[in-house]
Amino acid sequence: MCDRKSQNENRVLLFSALLASGFAVGGLVLGLLVGSLVIVFDGVYSLISLLLTLLSLAASKYINRPSDREFPFGRAIIEPIVIAIKAIVILLVVSYSLYSAIGALMTGGREVDASIATLFGIFNVLGCGYAWWYIANKSKRISSGLIQAESKQWQMDTLLSVAVTAGFVAAWLITFSPLAEYAVYADPMMMLLMSFYFIKVPFDMLREAMRELLMMSANKDICDAVDKNVVAVDKEADQDLELMGVTKVGPELRINVDIH
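For the sequence shown, this note's numbering puts the final residue at 332, and the numbers step up evenly by one.
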């Protein structure tokens with residue numbers, strides 16, 4: 073990885089870490105004050121996002137070190153390891169939140185100050201949405217698995233904030249209807265539905281990371297592009313070239329070509 077790309081990657085990760093720290097503190101404090109499972113989950117998720125971003129930042133610097141005797145082929149393998157750790161941690165957080173939501177539903181729900189929670193939700197939607205947009209755009213310019221994983225984290229946080237805000241608006245409206253007694257179930261029900269939805273994202277991250285760690289074939293688009301280039305070179309070369317395999321490990325492509 074060139075120095076310029078490494079610097080850009082580090083800047084994006086640092087930006088993500090600073091934003092995550094703000095949302096983590098705000099979410100945890102307000103969630104505990106108003107007694108909302110969803111807002112506490114949002115704060116915990118932001119706190120874990122911060123820790124995972126710091127892990128990515130450390131990994132980025134470590135990956136960019138030159139090869140040495142212990143790592144003769146570089147440190148690219150560190151990237152999918154970090155992404156796998158991120159996915160597992162997020163899965164654990166979502167699973168625990170799912171358990172908490174079911175427990176709250178079984179014990180009569182939770183009463184929440186919907187007006188304060190709604191204002192916090194709107195602020196979160198704007199902040200997380202901006203972070204997702206910014207990092208997703210950077211991800212298109214910088215080919216980095218770490219930044220792509222970071223973008224997915226902020227995507228989850230943005231969608232979570234949208235769902236939280238919509239849910240609290242609905243809960244507030246219910247309090248003015250004949251169904252007001254059921255408003256206490258809005259918070260755990262939102263958490264339950266979001267847990268089922270969000271559990272897919274870390275599974276996808278973990279699957280892709282495991283494919284790289286197991287040195288499985290790269291995705292079809294990459295394989296087709298490499299095969300096209302090998303065929304073009306084969307037509308001009310004196311020897312026969314045959315593409316035997318393509319695998320992606322972190323920021324690197326590893327290509328096996330037989331020469332006859």
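Ideal Cβ placement from N, Cα and C applies to all residues, glycine included.
Cβ separation of residue i and residue j, assumed to be a contact under 8 Å, to the nearest whole Å
| i | j | result |
| --- | --- | --- |
| L105 | G115 | Not a contact, Cβ separation roughly 11 Å. |
| D296 | S118 | So it is not a contact: roughly 39 Å between Cβ atoms. |
| I157 | L127 | 7 Å |
| G181 | V256 | 3 Å |
| A159 | M263 | The Cβ separation is near 20 Å, so there is no contact. |
| L102 | F192 | 5 Å |
| M261 | L177 | 7 Å |
| L218 | E81 | 7 Å |
Contacts around residue i, its chain only, beta-carbon distance under 8 Å, and the 5 residues preceding and following it disregarded
| i | result |
| --- | --- |
| D310 | none |
| I150 | A131, Y134, I135 and G322 |
| F145 | S139 |
Own chain, CB closer than 6 Å to residue i, minus 5 neighbours either side, in chain order
| i | result |
| --- | --- |
| Q220 | S211 |
| I188 | V106 |
| V234 | V197 |
| M287 | T319 |
| S93 | L122 |
Under 8 Å between C-beta atoms of residue i and residue j
| i | j | result |
| --- | --- | --- |
| D259 | S108 | yes |
| W204 | S223 | yes |
| T247 | T190 | no |
| I207 | V84 | yes |
| L325 | I294 | yes |
| A290 | V318 | yes |
| G199 | L91 | yes |
| M277 | I153 | no |
| I120 | V165 | yes |
| G239 | V110 | yes |
| L86 | L124 | no |
| L232 | F270 | yes |
| S169 | F113 | yes |
Contact test: residue i Cβ vs the ligand NAP heavy atom, cutoff 7 Å
| i | result |
| --- | --- |
| D296 | Although the ligand NAP was asked about, the structure shown includes no ligands whatsoever. |
Strand pairing of residue i, partner residues [DSSP]
| i | result |
| --- | --- |
| R141 | None, per the DSSP bridge assignment. |
| D276 | Bridge partners of D276: none, in fact. |
| L325 | K320 |
| D330 | E314 |
Cβ-based neighbour list, residue i, same chain, cut-off 7 Å, excluding 5 preceding and 5 following
| i | result |
| --- | --- |
| V302 | L313, L315 and V329 |
| R147 | Y134, I135 and R137 |
| I331 | Q311 and L313 |
| N209 | none |
| D306 | D312 and L313 |
| G201 | T230 |
| A242 | A258 |
- Item | Minimum length 4: unbroken alpha helix (DSSP H) runs contained in the segment 285 to 318 | 292 to 308
- Query: Which residue spans inside the segment 192 to 259 form an unbroken alpha helix (DSSP H) run of at least 4?
  - Reply: 217 to 246
- Query: Considering only residues of the segment 111 to 177, which uninterrupted beta strand (DSSP E) runs meet the minimum length of 3 residues and lie entirely inside it, listed in chain order?
  - Reply: none
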